[in-house]
Ligand code: GAL
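Numbering (full-length UniProt numbering), first residue to last: 1 to 692.
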């Protein structure tokens with residue numbers, strides 16, 4: 001497994017104690033200096049102790065080529081530091097100034113049709129441009145040299161959300177870099193031909209120079225899937241290489257100061273391979289924006305858990321989230337009362353030791369003026385700012401009670417997530433475009449939560465095999481190494497849940513032959529010859545299948561054609577005979593070595609899974625003893641090393657008040673109250689934190 005950089009965390013300012021970091025992106029350059037003193041006053045009032053500065057300040061720091069103006073930045077950093085507010089300083093390279101792109105239009109990225117991304121927003125640079133790299137590194141050097149001894153700068157915030165707007169660049173620079181990347185990965189052009197299956201459709205290449213990015217091929221055509229998968233890997237790596245260049249220079253000039261860059265881990269956010277990036281930061285930081293509607297809490301908990309998995313249970317930074325509405329969706333829903341505090345505590349419960357927002361003060365101009373902030377347009381006299389102050393108090397109390405030093409306690413169940421499986425299943429020439437990897441882990445996380453089990457969401461390259469039970473949810477790619485781990489895990493007594501669309505391909509996206517799921521057929525004890533996708537884009541097609549347990553499958557089912565002697569069929573499909581699915585096994589459990597492997601051969605969704613789980617868990621010998629109503633709250637536990645101090649976070653998952661057992665002293669309650677009889681009552685959007 002990949003080697004991680006040693007964990008390093010921003011240290012408190014001199015004379016201060018370690019606290020939970022609290023603050024946000026701060027853009028003083030958008031405001032006249034008179035506002036700065038008011039900012040500091042309000043930050044102090046809210047308990048803010050860290051801000052990220054300079055993220056989009058390149059044009060102000062280097063107003064003309066080679067001319068640097070640090071005066072304003074020095075003044076604000078000094079004011080902050082003297083007020084006891086630490087600075088997470090940006091490399092400031094995220095958005096190049098106008099003078100640069102005017103002088104060097106060759107740094108602008110190109111889309112797949114060759115259109116050039118023009119300045120006018122941000123991140124309009126190409127990751128593989130040697131010219132852009134030179135300018136960005138010059139800025140990094142200037143920043144590092146100027147701030148190397150600044151006592152108030154506690155961390156580097158390298159660039160910002162790499163790949164948010166420039167994930168794919170199809171320029172000539174990218175073409176050259178892609179060729180080099182292929183050389184490095186495959187060694188010979190024959191190996192590339194093999195990986196991409198170029199015997200198909202006359203795509204054979206004689207030389208690395210014949211490798212081109214997956215540019216426009218005509219609407220309705222299908223790009224070579226192996227190439228497209230490698231293009232996504234390459235694009236993540238190209239940005240990572242850029243980050244590493246910035247990081248290494250900053251580190252060389254300011255050794256000892258921890259570095260990070262903010263990821264965008266969320267259930268459907270799969271631009272970069274963040275598990276791979278996680279090996280390259282001193283501490284993981286994540287930007288998370290809530291999903292409006294019924295999945296809000298669960299999706300957030302899921303994403304925070306995955307972030308904790310990427311951080312390998314080291315503390316991590318919530319670098320950005322919103323106090324309320326964002327401004328970049330077609331409809332920007334507000335947060336309900338209580339959600340500002342609750343949402344922050346969800347991330348905290350899942351191992352974050354820092355809670356930060358985009359942004360400190362809501363802009364009055366520019367593209368993000370309608371994005372909420374810690375200080376909203378309405379100013380200090382506002383519910384949002386009062387909530388921000390309340391949260392600051394909660395974080396202070398939690399630190400006083402000893403929360404720092406505890407980590408997210410390990411769950412019994414791991415739900416495995418894999419960036420590359422997502423990338424492969426995004427291809428459009430698949431059995432159905434209704435099925436992609438990422439939705440299934442979220443459905444399992446939610447269905448398990450409905451049983452009172454808060455699972456750990458973990459990357460495929462982490463130690464999932466150390467859990468009592470493991471879910472492989474539509475884990476489309478199983479390479480040889482993962483196959484071996486799956487086999488060993490079950491053979492040694494592990495309890496494995498495998499779903500449809502798992503293990504269809506290897507890492508080259510070549511199908512494992514002989515019946516699906518090719519590489520672990522014997523482990524799961526089923527053999528699938530065909531798929532039965534479902535939909536209603538034509539009249540009279542199969543659009544659902546009912547199971548014998550009363551649940552209903554949509555979108556996808558496997559046609560399981562045989563079941564091993566060691567396997568037991570728990571559920572089958574009931575359907576009109578003409579569909580050919582009547583009696584076909586839907587859910588099975590196999591004995592393999594000392595362990596068991598369940599197979600769920602269709603998409604049941606969160607509800608269908610939740611209904612099927614009690615029987616399935618029982619058949620797998622997993623005792624969760626979920627009392628009625630166990631799914632009403634999400635229980636998340638942080639514990640210290642020895643396990644003798646624990647903090648249990650209880651979040652209401654329903655839209656009504658719930659009263660639930662809570663063992664310990666309630667130290668923080670938001671829309672919740674301890675009843676003095678070993679129970680707490682939690683209102684919708686409420687949370688109680690209990691210490692034992
Ligand atoms: C992030 C970005 C921030 C801000 C925020 C708004 O993607 O890093 O600068 O734009 O979104 O939600």
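Think of the CB as a built atom: it goes at the ideal place given N, C-alpha and C, for glycine as much as any other residue.
Computed from a predicted structure; not experimentally measured.
* Which residue from 175, 201 and 385 puts its Cα closest to that of residue 221? -> 201
* Asked: DSSP on residue 339, reduced to helix/strand/coil?
  -> helix
* Tell whether a beta-carbon distance below 8 Å holds between residue 406 and residue 49. => no
* Would you list, in sequence order, the uninterrupted alpha helix (DSSP H) runs of no fewer than 4 residues that lie entirely inside the segment 187-252? => 189-196
* So, helix, strand or coil for residue 112, using DSSP? -> coil
* Considering only residues of the segment 458-504, which uninterrupted alpha helix (DSSP H) runs meet the minimum length of 4 residues and lie entirely inside it, listed in chain order? -> 480-491
* Unbroken alpha helix (DSSP H) runs of length 4 or more, entirely within the segment 368-435: which are they? -> 383-400 and 419-425
* Asked: Alpha carbon to alpha carbon, what distance is there between residue 279 and residue 258?
  -> 14 Å
* Asked: Between which two residues does the alpha helix (DSSP H) containing residue 117 stretch?
  -> Neither: residue 117 is in no alpha helix (DSSP H) and is coded neither H nor E.
* **Contact check, residue 170 vs residue 110, beta carbons under 8 Å** => yes
* Asked: Which class does residue 636 belong to by DSSP, given the choice of helix, strand or coil?
  -> strand
* From this set, 354, 528, 508 and 270, which residue's C-alpha is nearest residue 514's C-alpha? -> 528
* Bridge partner(s) assigned by DSSP for residue 558 -> 531
* **Beta-carbon proximity list for residue 78, same chain, < 8 Å, skipping 5 on both sides** => 152
* Asked: Does at least one heavy atom of ligand 1 sit under 7 Å from the Cβ of residue 358?
  -> yes
* Asked: Which class does residue 5 belong to by DSSP, given the choice of helix, strand or coil?
  -> coil
* DSSP beta-bridge partners of residue 25 -> 52
* **Ranges of the alpha helix (DSSP H) found wholly within the segment 593-638, counting only runs of at least 4** => 605-619
* Asked: Skipping 5 residues on each side, what residues in its chain have a beta carbon closer than 8 Å to that of residue 326?
  -> 289, 332, 371 and 372
* Asked: Any chance the CB of residue 154 is under 7 Å from a heavy atom of ligand 1?
  -> no
* Asked: With residue 671 and residue 660 assumed to form a contact (beta carbons below 8 Å), what rounded beta-carbon distance in angstroms separates them?
  -> Contact doesn't hold; Cβ gap of about 14 Å is too wide.
* Asked: Is it the case that the Cβ atoms of residue 334 and residue 324 are separated by a distance below 8 Å?
  -> yes
* Decide yes or no for the touch test of the segment 570-579 against the segment 543-553: beta carbon pairs closer than 8 Å, at least 3 of them. => yes
* Name the two residues that bound the continuous alpha helix (DSSP H) containing residue 355. => Per DSSP, residue 355 belongs to no alpha helix (DSSP H); it is in the beta strand (DSSP E), 352-357.
* **Sequence-distant residues of its chain with Cβ nearer than 8 Å to residue 300 (five each side left out)** => 288, 290, 291, 343, 346 and 347
* Asked: Can you round the beta-carbon distance between residue 468 and residue 495 to whole angstroms, since I take them to be within the 8 Å contact cut?
  -> 6 Å
* Asked: So, do the segment 487-503 and the segment 579-588 have three or more beta carbon pairs nearer to each other than 8 Å?
  -> no
* What is the rounded straight-line gap between the Cα of residue 353 and the Cα of residue 569? -> 45 Å
* **For residue 296, the first and last residue of its enclosing alpha helix (DSSP H)** => 296-310
* Asked: How is the beta strand (DSSP E) around residue 648 delimited, first residue to last?
  -> 646-652
* Buried or exposed: which applies to residue 526, given that a residue is buried once 16 or more other Cβ atoms fall within 10 Å of its Cβ? -> buried
* To do: Tell me whether residue 506 sits in a helix, a strand or coil according to DSSP, three-state version.
  => coil
* Find out if the Cβ-Cβ distance for the pair residue 47, residue 73 is shorter than 8 Å. => no
* Asked: For chain C, is any of its Cβ atoms less than 8 Å away from the one on residue 256?
  -> Looking for chain C here will not work: only one protein chain is present.
* Given 8 Å, three or more beta-carbon pairs between the segment 15-25 and the segment 394-401 -> yes
* So, is residue 566 buried or exposed, given that buried needs 16 or more other C-beta atoms within 10 angstroms? -> exposed
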